[in-house]
Amino acid sequence: MYPDSHQRQHLLDQVRRLHGCGQADAKHITAWFQRYRATVRKKSMQDDDNILFTNFTSEQLDILRPLLRNNPFPKKEMIDIWSVCIKAEREQVSKWVSYHQAKTAPLRGTSEQSTSVSPTAPLPHLPTPARSLSPIHTRGVSLPSIATKEEPSPTSPLWPAHTAPVSYANLPQHATVNTDVLDELNPPFMRKPSSDGPRPPRDVPARILSPVKQLAKDINHGITSHRPGSSRKPSSHAEFNAMFKPYEKMMTQFIHNVESGKLQHLGWEPSLHKAT
């Protein structure tokens, strides 16, 4: 429709190669395109409105088209107002509106049908995955396992050697021991840290109770089984002796365990008790 200078020159060269057109000029190419554009413009003006609704003038159509575009489904009262405003017959305006609604009905029906498809219905093609902003996950190279040699850490002469590995993670969660009893079980000396750093705790089989676990279990059992039923104060010496007897028995048993060496692995040496 609107060729540039290079396109016009290319067409002119092709026209000059034709028989009897060797004297053609660039003006002939420009004039031909002007006549062609005028013919196409004249044909485009003869649309459906000019063919079917000959009673409407171009001014009336220029008013009706934006009105229908802004209100595709006008009511009866609205059509009456339009016909009065453009000074046309109401029946002609109603026919013109119905005709344009019928022209756009297939397109509107197709869009409504596409939007009413069930979300569970199969799609005609696979959906395009959205581009993710997260970095691509790459699996790291697995390193071979390294064999390590476990060496015992040097022990202090003030701290006894371990007779069995102890795992504090296996202590019972339901045991409730008084803080006074736990303070008595703390060793009098702290173990010096080893030069190689802290050693990871080694788990103990579930069926074998560690000495610390067994001791906490025995103390908890002794406290819960001999706990007085009332928190009232004793009113006589006999009542006090009766209430204190379970605790006296527990302390006597604890001293006996220290003297017999049963708590030696916890740092309670029999010599320490004798020295005190």
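The sequence shown begins at 982 in our numbering and counts up by one. Glycine included, every Cβ here is placed at the ideal spot set by N, Cα and C.
Cα separation between Phe1054 and Thr1038? 23 Å
Environment of Phe1225 [buried if 16+ CB atoms lie within 10 Å]: exposed
Would you mind giving the Cβ-Cβ distance between Ile1044 and Ile1067, rounded to the nearest angstrom? I have them listed as a contact below 8 Å. 5 Å
Trp1063 lies in the alpha helix (DSSP H); which residues open and close that run? Lys1057 to Ile1067
Short Cβ contact (8 Å threshold) for Val1078 with Ile1060: yes
Could you check where the alpha helix (DSSP H) with Asn1052 kicks off and where it finishes? Segment: none, Asn1052 is in no alpha helix (DSSP H) and carries neither H nor E.
Nearest-angstrom Cα separation, counted from His991 out to Ala1005: 13 Å
Counting along the chain, where does the alpha helix (DSSP H) carrying Gln988 start and finish? Ser986 to Arg997
Using CA atoms only, rank isn't needed, just tell me which of Gln1082, Phe1221 and Ser1075 is closest to Arg1050. Gln1082
Closer than 8 Å by C-beta to Thr1233: which residues in its own chain qualify, once you throw out the five before and the five after it? Chain order, please. none
So is Gln995 buried or exposed if we call it buried at 16+ other beta carbons inside 10 Å? exposed
Residue nearest to Lys1230 in terms of C-alpha spacing, selected from Lys1214, Trp1249 and Ile1200: Ile1200
The alpha helix (DSSP H) enclosing Ala1219, as first and last residue numbers: His1218 to Ser1241
Just how far apart, CA to CA, sit Ala1102 and Asp1029? For Ala1102, the predicted model reports a pLDDT of 47, less than 50, meaning its position is unreliable and no value from the coordinates is stated.
For Leu1045, which three-state DSSP category applies? helix
In terms of residue numbering, what span does the alpha helix (DSSP H) encompassing Asp1029 cover? Asp1029 to Leu1033
For Gln988 and Phe1034, which I take to be in contact (beta-carbon distance under 8 Å), what is that distance rounded to the nearest angstrom? Contact doesn't hold; Cβ gap of about 40 Å is too wide.
Assign Pro1215 to one of three DSSP states: helix, strand, or coil. coil
Does DSSP put Phe1037 in a helix, a strand or coil? coil
Helix, strand or coil: how does DSSP classify Thr1096 here? A caution first: Thr1096 carries a pLDDT of 47, below 50, which makes its placement in the model too unreliable to give a value.
Are the CB atoms of Pro1215 and Phe1221 nearer to each other than 8 Å? yes
Taking Glu1058 and Ser1064 to be in contact with their CB atoms under 8 Å, please state how far apart those CB atoms are, rounded to whole angstroms. About 11 Å; that fails the 8 Å criterion.
Pull up the distance between the alpha-carbon of Leu993 and that of Thr1020, whole angstroms please. 22 Å
Arg1292 to His1000 span [Cα, whole Å]: For residue 1292 there is no data in the structure shown, the boundaries of the chain being 982 and 1257.
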